[in-house]
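*Asks:* Start counting the sequence shown at 137; every next residue gets the next number (this note's numbering). In this text, a Cβ means the ideal position worked out from N, Cα and C, and glycines have one as well. Being a predicted model, the structure only gives us computed values, none of them experimental.
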Amino acid sequence: MSDANEMEDVVAPKKSIGPWVAAIVLALLSNAGWAAFFVVSQSSSNEPVAQAPEAPKEEASEPGPIMDLSPFVVNLNDSVSARYLRIGISLELSSEADRAAVEKNLVPLRDQYIRHLSSLAPSQLMGAADKDDLKVVLMEKTQSVLPKRAVREIYFTEFMMQ
Numbered sequence: 137m138s139d140a141n142e143m144e145d146v147v148a149p150k151k152s153i154g155p156w157v158a159a160i161v162l163a164l165l166s167n168a169g170w171a172a173f174f175v176v177s178q179s180s181s182n183e184p185v186a187q188a189p190e191a192p193k194e195e196a197s198e199p200g201p202i203m204d205l206s207p208f209v210v211n212l213n214d215s216v217s218a219r220y221l222r223i224g225i226s227l228e229l230s231s232e233a234d235r236a237a238v239e240k241n242l243v244p245l246r247d248q249y250i251r252h253l254s255s256l257a258p259s260q261l262m263g264a265a266d267k268d269d270l271k272v273v274l275m276e277k278t279q280s281v282l283p284k285r286a287v288r289e290i291y292f293t294e295f296m297m298q
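#1: So, at 8 Å on beta carbons, what are the nonlocal neighbours of Gly-169 in its own chain, with the 5 sequence-adjacent residues on each side left out?
#2: Closest to Val-216 by C-alpha separation, out of Ser-259, Val-243, Gly-154, would be which residue?
#3: Taking DSSP as the reference, what is the three-state secondary structure of Leu-282?
#4: Going straight from the alpha carbon of Asp-204 to that of Ala-171, what length do you get?
#5: How far does the beta strand (DSSP E) with Arg-222 in it extend, from its first residue to its last?
#6: Could you spell out where the alpha helix (DSSP H) holding Val-243 opens and where it closes?
#7: Rounded to the nearest angstrom, how far is the Cβ of Leu-274 from that of Ile-290, given a contact under 8 Å?
#8: Three-state secondary structure (DSSP) at Met-297?
#9: Report the residue from Met-297, Gly-200, Gln-248 whose alpha carbon sits nearest the alpha carbon of Lys-267.
#10: Report yes if the CB atom of Leu-221 is closer than 8 Å to the CB atom of Leu-253, and no otherwise.
#11: Where DSSP assigns a beta bridge to Asp-204, which residues make up the other side?
#12: Given a cut-off of 8 Å on the beta-carbon distance, is the pair Pro-244 and Gly-224 in contact?
#13: Figure out for me which residue from Ser-255, Pro-283, Arg-285, Val-272 has the closest Cα to the Cα of Phe-292.
#14: List the residues that DSSP assigns as beta-bridge partners of Asn-211.
#15: Nearest to Pro-199 by CA position, among Asn-213, Val-157, Ser-230, is which residue?
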């Protein structure tokens, strides 16, 4: 009988292999998911490029000459308090030849900018989307004074409200 007792002491209790199997299955599924994601993302990037719209060649060219305008300081349209906007604007020209056209029409151009900027409320200039909208409107004002393709882009070099 003492031999039987010794045998029971020597035999270790059985451990469950369930957690190990679950961990291995989970790891395999995770790897399969990542592999599927990688294959799908690679196949979608291999689609023909012909479907994508091509950018005009002139926009792919180098930036044009930059013309800095002196900063504008305008009163904003705020009935509660006196608010000011100081804004620096630079124009990217299509070519150096357009500089003469801009300089010739600088007074009407500045007038258009000042009239529009002073009509805005501070709340219309707070976010990035508001500034993008302002660029679009200023480009329309620019094209109403200058030849259509003289200015490619408008850049804000200063933007401060007080």
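*Replies:* In brief:
#1: none
#2: Ser-259
#3: coil
#4: 52 Å
#5: 220-229
#6: 242-254
#7: 5 Å
#8: strand
#9: Met-297
#10: yes
#11: Ser-226
#12: no
#13: Val-272
#14: Tyr-220
#15: Ser-230
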